[in-house]
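Asks: Before we start, here is the structure in question, set down as structure tokens.
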Amino acid sequence: MNPGPLSYFLVSAFGVGAVVSGWLVFRTDSMLRAAYWLMVSFVAVGAMLIVLDAQFLGLILILMMSGEMTIMAIFMILFMMNPAGLNPMTMVHQHRTSIIAGVGSFVVLAFVGVVAEFPDRPVPAGDATVALGEELLGRSMLVFESAGVALLAVMIGAIALAAKQGRFGDAYDGSQEPSIDVETEDRS
Amino acid sequence: MVWLPVLTPLIGGAIILALRRSQMAARVASVLVMVATVAAAALVASLEATGTWSWGGQLDLAVSVTGFGRTMVVLVPVIATAVIGFAATNSEDDRSIVKLLVALTWFVAAMELLVIAADFLTLLIGWELVGAASWVLIGHEWRDPQRPRSAREAFVTTRFGDLGIYVAAGAIFAATGSLRYDDLAAVSPGWLAIIAGGLVLAAAAKSAQVPFSPWLFSAMAGPTPVSALLHSATMVAAGAYILIRLQPTLSAVGWFSPVVIGIGLTTALAGGMVTLAQQDLKKALAGSTSAQYGLMLIAVGAGFTAAAAGQLTAHALFKSLLFLTAGVALHASGTLDLSKLRLGSALPRVAVLFGIGALALAAVPPLGAAFTKEAVLAGAFHAGIWVGLGTAAAGLLSTLYAARLHMLAYGPGPTRDVHTPPRRGEMVALGGLAALTLLLGVLWLPGGDAILERAAEGAILSPTRAETILSLALVVVGLTAVAVAWRRGRLVTLGMPARTRAFIAGWWGIPTAARVLIVDPVSRLGKWLFIADRNVLARIADSVAAFAEYTSRVLKRLVERGIDGVVWGIGGATIQGAEMSRLADDRGVDGTVEGVASGIGEAGKQSRRTQTGMSYHYYTAMMIGLVVAIAVATLWR
Amino acid sequence: MLTLAIVVPLVVAAVTLAIPKRHEHLARPLAIVTSFLPLVVVAISWARFDFSTGFQLVESAQWIPSLGISYTVGVDGLSLPLVALTALLFTVSMVFPFDVLGKPRAYFATFLFLEAISLGVFLSLDLILFFVFWDLSLVGMYFLIGIWGHGEDAKRSALKFFLYTLLGSLALLLGILGIYLYTDPRTFSMIEIIDKLPVPAGGLAATLIFVAVGIGFAVKTPLVPLHTWLPPAHVDAPAPASTILAGVLLKMGTYGFIRISLQMLPETFQRFALPLAILAVVSILYGALVAMAQTNLKRLVAYTSVNHMGYVILGVAAAGAIGLGSEASRSIAMTGAVVEMVAHGLITGALFLLSGSIYARGKTYELDQYGGLAGASPRLSGIMMLAAFASLGLPGLAGFVAEFQIFAGTLGVFPWLAAIGLLGIVITAALFLRMIQQLFFGDLPARWGDWKDLKRAELYALVPLAALVVVIGVVPQWLIRVIDTFSQMVARG
Amino acid sequence: MTEAMGQAAIDILPVLILAGGAILLIFYAMFVSRALQVWSALGAMIVLAAAGFAAGWYLGDAPDVTFFGTFAADRAWLWGTLIIIVVTALTVALSVEWFQSDSRHGEYYVLLLLSGLGAVLLAGAIDLMELVVAMLLSSVTGFALAAYHRKSRAATEAGIKYYLIGALANGAMVYGVALLFGLAGGTSFEDLRTGLVDADPLALIVGFAMVAIGIAFKLGSVPAHQWMPDVAQGAPAPVAAFLLVAGKVGALIVLMRLVMVLPESGVGWRPLIAVIAAVTMTLGNLAALWQDDVRRMLGWSSVSQTGYGLLAVVAIGRSDIAVSSMLFFLAAYAMGNMAAFGVIVKLRGLTSRESFRGLATPHPWLMGALVVSFLSFIGIPPLGGFTAKLLLMGAVIDSGYAWLAVLTVINSAISLFYYARVMGPAYFDDAAEPRPLMGSLASWALGIATVAVIAIGVAAQPLAAAWQALVLLTG
Amino acid sequence: MIDILLVVGAAIFGIGVYGALSQQSFVMIMMGLELMLNAALLVAITFWWASTGGNPAGQLLVIVILAVMAIEAAIGFALVTAVYRSRKADITEKLKKLRN
């Protein structure tokens, strides 16, 4: 399949957008803005997916990430010490090392992407979403189910960790190691 | 049967020990045991018995009573009877007497085993047991810290010689797979040389030849009967005995004869002068023992073992007599200093007995000792004119010191009263020995040569007329010289400067040399090695551990602080260094100090800051790990 | 039957631990009585010993057949004397009175455990079984030294002992694995390996395996310079543990040299015989010289162990040098080495027990603190002198029988080394005589005025050892004949 | 399709039982009163017993590759599953009293079951996506479990640090999976085997290295090992015991399966794993050397144990004892770890080295169990750890990596040092006061684990026979 | 085309790594991690599109990555909340109880 020039343009444009917005995540002053730049990056990637004939997945990604980032924003406003996550802030450490690591990762992976030979077997024309559905309920059933169990597990785990109140009152009540010195405890 | 001469004193010793509650019984028993031993020995000697005792495997203890052994096996208990008899009656109520008697008895057993041994293992057993027994005997008075030390010196010196037997035994075993004397004949020349070397070493050490002679001085720390026994037919005799016994085979080794003669002649001359110069009666006698054994070695080296055997027998008799009488002198006057004794007037009968011994020592005919000495001289001349002349000189020396000793110890003198006159039993023992010494004069009778040759199963050479005249002349010269010196009152000092005399009397400085060259270096080496062991070897292990500890501490910091911390640390140090040099530039020396101080403070802060153990360091480590993994997987395929 | 000797002490050890607190005084009699069982087993084995074959009284059971691991025990001319020695030393060490610091159950249980383990080392005929017992002996000894040792340093010494010997034993394990991987079908059976010699001779692999097991055994033996764990372990260990350590555990190293290095890798051993013999001579002289510089009684005896183990290794090296010297020489060297193992066990065992007696009375091992004890304690002095003389190789005592054979054999194989090694005999003589002199002769210091002679219980432990030392010195036939069956086989190559 | 699906579902019956049981249990925990929450433990036990029974049942006739080539329900997997189930069951037993005070602990058992399920899925995964998902399930539950003591600073800190490392590792792994997918054209291991033969080596190496990071995290090997000491120290003690072991079982098996399909000419995985093993065991040991916190020390020692376990991976395909050595290692290590942490649980979380002084006198049995587990870690025969180390070293020597065996030996000796720093004072110091203890359920758990440690060494034959000819299927 | 996509993916991944390593706030770190996953997602779909003949597994892989994102975000938030409640800390520097 030979992508047309439009595809090239779109992919390049969204690609630049995804990278730039990703970069801005860590360049902005406010956590809230960071969250929105992250969302932009995701949306750009989602758009690239759509260009690459994976419309279904692209849309899912855009929808999901919009939702997630909204939650993240709310979360920050609700919980974090940086009130409303709106105040300007830069909180970084080991900056040099991080830049080296980031650039290094980029260089290595880009090198792999550009230099390495990958098989040339483009996607055949057809409804990719149908193929996905068949895969999902066929060969990769187990993967799908496992992912479902994982989602269940994370729900249980997240609630267990984050809930402040449980059915039995304060969720934090007694959630600690047993006292090593029982007698002291009895006396007190 | 053949074991009787060993078993009798061995079991007898145990009986004496069992009787220790009654001193009297023990004393009597000890003499009886010795008499029984003499009887047993005589019986065995007449039967020429042999026997073996298997130790399993390839080890058999073989014994046989043959050759000179027949004489020796009897001679040892005979002299021991006298000595033990002397010892049993000599001391008053003394609880340790039993121990002494038992040790003496067992000592005889060990010596008898040595004498009847027919293979190197048995020989070695007897040889070492004799040494160990001598340690017990010399160190008898153990409460005095000096005596055990002397005993140790004596034992260690002779044990060094024992190594020779070990080597000889190993060599014959390697060569033939057997340890028997009989198989020596089958040994190849190379191994035989090693065996000969080992035996000569062992014999030289045991018979107190140069350079081992000084141990005899240490042996003087023992009680008198011990010295008497040690220096006559036992212990010292072992060296000469084994050479006499094995000379026929060993002489096949080219260097055997010259080396043995050389050792013997050197010792005879050096020892003679030591004796002459000695101021202490017992030590003088000890020196003369070395010298006399030197004469025997000359005879062995020359090939006339019968002469050596004869000399050994004669010497055993008169030397035990001399030692015991020296003991009487010590008891009587409380000293052995030759310048203070002169007990002739106080103890005339003892003086006569001592005189008999001294005459024998001086080789005055018609005593047996004179006969054997002339045989030795003849043999020496046979070996070479210079050997002969040297031996003659040694003979002159023996005449000189014998006469000197007699004059100084038991010559007429001012001493009238003595603390402890000899007891009757002691006198009997002395008399017996003197009688035997005199009895040996029978050798002068026609056929004396033949008796010796038969007794020793070896050769003897009759002296030529010239040799006889020479030796008699030397005896006369010697006696005259002593008489002159006596007259002039210079017998004690011999007209020599005191230091020279002390040097010679102290065995030509050999003990000092041995201490400086061997004993001290070895013990210092031991100390050094110990220090090295503690401080180096043990530390190596410790330092490996310490290194691991250090690495782990560094790592512990690293893993928690993150690899990043190192980079920071190095970077920080570089910056600090640059900063410091700048400051130094700006503000001179003061600034440098300030810079250092602030640098250290900053470094401390820096390290505190980096010692956080934060999760982002985990991240850094992971990324580095990823890179390294890629590198490894790429490079090492 | 041999299995009984291992299992019963183990079971009784567990039982001992389970004794109720108020009956804990029963632990000692129970342990002592139990320890007689291995002695009986040894006696029966000795009586039934078949001189015409090698391994005998073999008992075998499957253990992990999938990996070629089996439970196999048996004896031959090499192991039977060592088993006997082990059984005897454990009995006397338990009989010997010792302050168990209020933990009699744990103490005697540990001892019985260690006895079973040590017997197992010498009895096992499977490499893994051997290694199992080998390593457990370290554990047992670690706790013995750590809990009942004296001085603050005891823990350190215990750890040092454990660490050092564990490293050695792990090297040994690598070697064992190396041998195992060459067997086909895979097996750890000693009998089969000795029979088939699976490791190809002359290769790098054989060398590496030899070096690995060699390190393991050299640490345990110990050969200079791997001996540094020994002196602190001995000084801080309680007297009965020292006895076991010197008498039994060191023998495991030399036993291993014979059983594994020599018997399983004969060609390689032959190539390395000379270096090994040199190391042995170094150990002989080094141990003797360093012992001479000691002022501490126990340390002195410990270093003489280094010296004596050097004799053993010298004999073993000579025995394994196939092609050098005569068969008779090699055979007698091997016999001597094994007799030395037994003799050293008895003698040094006695010496350590006696140092324990002295320490119990004087609370110090420093020689210059003592003097003139001969008068105050004739029995102590007598046995000590006997042991010392046996140790320095006096004829009529066990040490001589061993050393003579070692040197007589080695002289035919490595004449120069044997001659140099002989110097050790003189040095040990000097140092033991000095020790005797310092302890027993001279004047009794005033503060030892109420010095007591050996008690009856101490005599019960010491007299059998002393008696055996004399018996082996005078009538060693019964021992040498058993060993000789083995020596001749090894010497034949 | 449906029929095949049904058959496949039956093939992984233990998985279904665990998942279904967990779901039932969450309903129970959601609706019963607080007093009845504790019975969740019993429920979990029943589920585990059923799953274990199912796994045991299948041992006779293993279904092998199922679910269209995404899952290998072979014998090795069944054995791995059994080990995980036993570990989980022991953890449940250790947890009952420990979590009693927590107002909500029903969910805890559910998470535990799901975490065990994650490890089980990991052990059988022969598809990269299944690998990712199983890893995720196992990790995500692990994060929650580690931080389960919400009130405890240490536990929450351990949880988030665990999470951060896990998330980064997962990120890298997912990227690596994408790369491998691109190279091979598929995600199943069978695809990898055929597709990677001529693959571009550079991309292959980078892709594998990134996947390996993810697996290394689960294994606790360098460079993603740092969570182990933190979790060991900070997480609730029963959870720490569980987390150090369960993931390792799944990850080690799946790593073995993965490397088996890689072309050895394209990526030097064998030396790479060897280096990782060497660094891991050495680093873990050295870092453990001076720890004064016994739990943290156990965490570091667990790092070094991972290093030993990797030896089996180095030997796979070259030595016929690689698989059995791995299973012996997993079983022995799992039981030793459960015993050691069991002792700590029994001592109510006692962790400072100082507090172990002289404990042997008041608590001989507890210290005895501790010593057994420590000696097993060192590799003293006849304990399980010895058998494992014997086989591991045999396998690497067999594979031409004798230097790794030598390094293992040196490390074992070093490890003695820090174990002795706990054992020594416990026995050699003066008797301490008795400590308050947990109840009898913990005793049972640690007793069983201790006996198992001994049994794996002494009665190794059944296991050795069962594991001797085991092969790992990859599709 | 595939080059562009892979370089973009690499760039996003690199930025993610940078963020994860450099940020102090947990939430910001999580953003970095999400970016890394984002990159993986892009790469996966790239290969699906260009190199695997449209193997539907590629699409599924994207879904799997989406699940990973969601799950990690969820548990991450929960943990941050828990830490914040127990420690009043939301940056890594404040968590240093667990160390040697």
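Residue numbers (numbering that gives the first Met the number 0), protein chains in the order written: chain A, 0 to 187; chain B, 0 to 636; chain C, 0 to 492; chain D, 0 to 474; chain E, 0 to 99. Cβ atoms here follow ideal geometry from the backbone N, Cα and C, with glycine treated the same way. Since we're looking at a predicted model, the values are computed, not measured.
Using a Cβ-Cβ cutoff of 9 Å, what residues of the stretch 376-396 of chain D are near chain C? List them in chain order.
Replies: Cβ contacts with chain C come from I377, G378, I379, P380, P381, F385, T386, K388, L389, L390, M392, G393, I396.
Asks: How would you label T227/C, buried or exposed, when you count the other beta carbons within 10 angstroms and need 16 or more for buried?
Replies: Under this definition T227/C is a buried residue.
Asks: Can you give me the Cβ contacts of A17/A inside the same chain, cut-off strictly under 6 Å, excluding the 5 residues immediately before and after it?
Replies: Contacts found: S40, A43, V44.
Asks: If we cut at 8 Å on Cβ distances, does D134/C have a partner in chain D?
Replies: Yes, D134/C lies at the interface with chain D (some Cβ there is under 8 Å from its Cβ).
Asks: Can you tell me which of the three DSSP states A7/D falls into?
Replies: The answer is helix: DSSP assigns A7/D an H, G or I state.
Asks: Can you tell me whether G446/D is helix, strand or coil according to DSSP?
Replies: The answer is helix: DSSP assigns G446/D an H, G or I state.
Asks: Determine the direct distance from the alpha carbon of A72/D to that of G63/D, and round the result to whole angstroms.
Replies: Checking the sequence shown, residue 63/D turns out to be Asp, not Gly. D63/D and A72/D: Cα-Cα distance of roughly 5 Å.
Asks: Check distances from the C-beta atoms of the stretch 612-625 of chain B to those of chain A and list, in chain order, the residues that come in under 9 Å.
Replies: Within the stretch 612-625 of chain B, the residues whose Cβ lies closer than 9 Å to some Cβ of chain A are M613, Y615, H616, Y618, T619, M622, I623, L625, listed in chain order.
Asks: To which residues of the same chain is F55/A closer than 6 Å at the C-beta, ignoring the five residues directly before and after it?
Replies: For F55/A, where only same-chain residues beyond five positions count, the Cβ hits under 6 Å are T128.
Asks: Taking the straight line between their C-alpha atoms, what separation do you get for V7/E and A38/E?
Replies: Taking the straight line joining both Cα atoms gives about 8 Å.
Asks: Any Cβ of chain C within less than 8 Å of the Cβ of R158/B?
Replies: Yes, R158/B counts as interfacial toward chain C.
Asks: Among P118/A, A100/A, D28/A, which one has its Cα closest to the Cα of G624/B?
Replies: G624/B has its Cα closest to that of A100/A, out of P118/A, A100/A, D28/A.
Asks: Do we get a CB-CB distance below 8 Å when we pair V26/E with the residues of chain D?
Replies: Taking Cβ atoms only, chain D never reaches closer than 8 Å to V26/E, which makes this a no.
Asks: Going by beta carbon distance, what residues of the same chain come within less than 8 Å of L29/C, once the five residues before and after it are set aside?
Replies: Same-chain partners within the cutoff: V11, V14, T15, I18, F107.
Asks: Please classify L625/B: does DSSP put it in a helix, a strand, or coil?
Replies: Note: L625/B maps to helix in three-state DSSP.
Asks: State the beta-bridge partners of L60/B as determined by DSSP.
Replies: DSSP output for L60/B lists W52/B as bridge partner(s).
Asks: Can you tell me whether Y7/A is buried or exposed, with buried defined as 16 or more other CB within 10 angstroms of its CB?
Replies: Exposed.
Asks: Would you call the stretch 401-408 of chain C and the stretch 359-369 of chain C touching, i.e. three or more CB-CB distances under 8 Å?
Replies: At 8 Å Cβ cutoff, the stretches do not touch.
Asks: Taking A69/E as the query, report the chain A residues whose CB atoms sit under 9 Å from its CB, ordered along the chain.
Replies: Per Cβ cutoff of 9 Å: M63, E67, L150, V153.
Asks: For the alpha helix (DSSP H) that contains Q460/D, what are its first and last residues?
Replies: Element bounds for Q460/D: 460-467.
Asks: Can you tell me whether R148/B is buried or exposed? The criterion is at least 16 other CB atoms within 10 Å of its CB, across all chains shown.
Replies: Its Cβ being crowded by 16 or more others within 10 Å, R148/B is buried.
Asks: By Cβ distance below 7 Å, which residues in the same chain neighbour G387/B in space, the five residues on each side in sequence not counted?
Replies: For G387/B, where only same-chain residues beyond five positions count, the Cβ hits under 7 Å are L376, A379, F380.
Asks: List the residues of chain D whose Cβ lies closer than 8 Å to the Cβ of F76/E, in chain order.
Replies: The premise fails here: F76/E is roughly 11 Å from chain D at the closest Cβ pair, so nothing lies under 8 Å.
Asks: Kindly indicate which three-state DSSP category Q61/C falls into: helix, strand or coil?
Replies: If DSSP states are grouped into helix, strand and coil, Q61/C belongs with the strands.
Asks: So which residues on chain D does V42/E lean against when the C-beta distance must stay under 8 Å?
Replies: Result: Y174, A177, L178, G181.
Asks: Counting Cβ pairs closer than 8 Å, one from the stretch 140-153 of chain D and one from the stretch 226-241 of chain D, do we hit at least three?
Replies: The answer is yes - the stretch 226-241 of chain D touches the stretch 140-153 of chain D, with three or more Cβ pairs under 8 Å.
Asks: Between the Cα of L396/B and the Cα atoms of S212/B, W214/B, L294/B, V30/B, which residue gives the shortest distance?
Replies: It is L294/B whose Cα lies nearest to the Cα of L396/B.
Asks: Which chain B residues sit within Cβ distance under 8 Å of Q368/C?
Replies: In chain order: nothing, as chain B lies at least about 15 Å away.
Asks: Is there at least one Cβ from chain B nearer than 8 Å to L20/E's Cβ?
Replies: Closer than 8 Å: yes.
Asks: Output needed for A351/D: all residues of its chain with C-beta closer than 8 Å, excluding positions within five of it in sequence on either side, in chain order.
Replies: Ala is not the amino acid found at residue 351/D; the sequence shown has Ser there. Around S351/D: D291, D292, V293.
Asks: From G357/D to M366/D, what does the alpha carbon distance come to, in whole angstroms?
Replies: Straight-line Cα distance between these residues: approximately 10 Å.
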